Amino acid sequence: MRIVLTGGGTGGHIFPIIAVAQELRKQAGEKNDVEFLFLGPDGELEREAMEKEFVPMKKIQCGKMRRYFSPLNFLDIFKIPVGFFQSLWHLLVFMPDAVFAKGGYASIPVAAAAWIYRIPILIHESDVVPGLANQLMAKVAKRVAASFPGSEKFFPESKVFLTGNPIREEMIRDDMAGGKEKFSLQPEKKTILVIGGSQGSRVINQAIVTLLPKILKKWQLIHVTGKKEFESVVSEAGKLGIKAGREGYKVFPFLTKELPYAFAAADLVVSRAGAVTLTEIAANKKPAIIIPIKGSANKHQEQNAFVFSQAGAAVVLEQENLGENILYSKIDQIIDDKGLGFELSERVKRFYNPEAARLIAGEIAKIAS
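Numbering (my numbering), first residue to last: 1 to 369.
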């Protein structure tokens, strides 16, 4: 069985792709008859992930479809047909039995080429409200996997099925003591994990740096800044007399294999509202403060956050309300109130379906046969 994987641009696309590929290999067992090819942008995140999983990859041009004015729109519009013809060639050479498209602009040329060859396509939607790419691809897809109840209404009833978000098995480590030891943190002290997604978050980073002196008086912190923000965060913390790696402040540009330990160590997570990060929070049963990106495409982060808030599964703060006193008071309230922390962790775990990768992999195998 040959499967083409496509998507990319963020960890929210790549990590679910990896989770499903791992499950397909697991289901193949000793037969080991699954071959993969990844088609998408040649980014560092994509390269590292595919190399780790021994998945060959071919770069294609990917034109991003922005819903706002940008000079890049005029350049990217020419990338779309180039990516389409590149996809036609790579699919002709590899000739897969099915395509698994995670969504995003990188998936569109591959899905269009697969439709030309009548190769069956399964797409997966992570968010409550689907992005433009998945809405377009649903027209040619054979099956559509949705993550949230209510998302099904955006897709043809005959194609859609509910799965939840697939995450890698290694993302769950129910060992707080081991997590704190991994980061050389004090075992008796409460720990906060701050993570802004694979791209980082300037708004969250600035708010946390401002609060560092107050936070570190009571707690310890694992701070994942995003690669673009790392140097400025370390510099600003230094101006406050706080050295990275010391005094209970562990700061990183990005975490991959260490991220499960960070979740395990955390008593509280402060995060953006990307669907995969929310699923990782749910899988690890962590109380969370989530801060959706204002004005994200289709308002998908705001919609994700709304669903969690309505279920009482997380505390939601809007960016414009991210004042120093409000954020600190919410952190203090959740960490100090054991009952509230327990309630949040119990409610949030309902948003994780451990069978998600298995369900998607099984459906891919069906359409590929």
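Heads up, the beta-carbon is just placed ideally off N, CA and C, and yes, glycines get one too.
Computed from a predicted structure; not experimentally measured.
Under the three-state DSSP convention, the category residue i falls into
i	result
residue 158	coil
residue 100	strand
residue 310	helix
residue 277	helix
residue 258	coil
residue 36	strand
residue 59	strand
residue 191	strand
residue 138	coil
residue 128	coil
residue 184	coil
residue 271	strand
residue 6	strand
residue 54	coil
residue 168	coil
residue 372	Outside the displayed range of the chain (1 to 369) lies residue 372, so it cannot be described from this structure.
residue 288	strand
residue 240	coil
residue 252	strand
residue 88	helix
residue 266	coil
residue 123	strand
residue 347	helix
residue 118	coil
residue 222	strand
residue 202	helix
residue 358	helix
Distance between beta carbons of residue j and residue i, contact taken as under 8 angstroms
i	j	result
residue 103	residue 131	6 angstroms
residue 219	residue 335	7 angstroms
residue 164	residue 353	3 angstroms
residue 207	residue 359	Not really, about 38 angstroms apart at Cβ, beyond 8 angstroms.
residue 98	residue 122	7 angstroms
residue 78	residue 276	That belief does not hold up - the Cβ atoms of residue 78 and residue 276 are roughly 31 angstroms apart, past 8 angstroms.
residue 196	residue 246	Contact flag wrong, Cβ pair sits at about 22 angstroms.
residue 291	residue 322	6 angstroms
residue 149	residue 136	Going by Cβ atoms, the distance from residue 149 to residue 136 rounds to 23 angstroms, so no, they are not a contact pair.
residue 331	residue 192	7 angstroms
residue 222	residue 250	5 angstroms
Nearest neighbour of residue i, chosen from the options [CA to CA]
i	options	result
residue 94	123, 341, 117 and 8	117
residue 340	135, 32, 113 and 268	268
residue 139	332, 150, 159 and 184	159
residue 114	22, 142, 168 and 202	142
residue 26	213, 48 and 53	53
residue 209	184, 260 and 239	239
residue 151	300, 106 and 324	300
residue 44	8, 309 and 24	8
residue 307	338, 351 and 325	351
residue 396	47, 3 and 349	Outside the shown range of the chain, which is 1 to 369, sits residue 396, and nothing can be said about it.
residue 314	320, 329, 324 and 287	287
residue 342	80, 285 and 216	285
residue 4	235, 248 and 59	59
residue 19	357, 363 and 365	357
residue 317	289, 337, 325 and 311	289
residue 13	312, 30 and 168	168
residue 177	153, 264, 202 and 203	264
residue 201	227, 80, 183 and 144	227
Neighbourhood of residue i by C-beta distance below 6 angstroms, restricted to the same chain and skipping five residues each side
i	result
residue 55	36 and 38
residue 205	225, 229 and 233
residue 368	1, 97 and 98
residue 120	98, 142 and 367
residue 302	292
residue 266	191, 193 and 286
residue 110	6, 39 and 87
residue 236	209
Residues of its chain near residue i, where Cβ-Cβ distance is below 7 angstroms and the 5 sequence neighbours each way are ignored
i	result
residue 50	38 and 57
residue 156	138
residue 255	224 and 262
residue 107	6, 7, 101, 133 and 137
residue 170	260
residue 280	167, 171 and 263
Residue i beta carbon near the ligand ADP (any heavy atom closer than 6 angstroms)
i	result
residue 109	The model depicted lacks the ligand ADP and carries no ligand whatsoever.
Residue i, buried or exposed, once every other Cβ within 10 Å from all chains shown has been counted against 16
i	result
residue 32	exposed
residue 92	exposed
residue 213	exposed
residue 420	Outside the displayed span of the chain (1 to 369) sits residue 420, for which this structure offers no information.
residue 166	buried
residue 112	buried
residue 186	exposed
residue 127	buried
residue 274	buried
residue 61	buried
Sequence-distant residues of the same chain with beta carbon closer than 8 angstroms to residue i, five excluded per side
i	result
residue 28	1 and 34
residue 252	222, 223, 224, 225, 230 and 258
residue 248	185, 186, 189, 216, 219, 220 and 221
Any chain B beta carbon closer than 7 angstroms to residue i
i	result
residue 112	The structure shown contains no chain B; it holds only a single protein chain.
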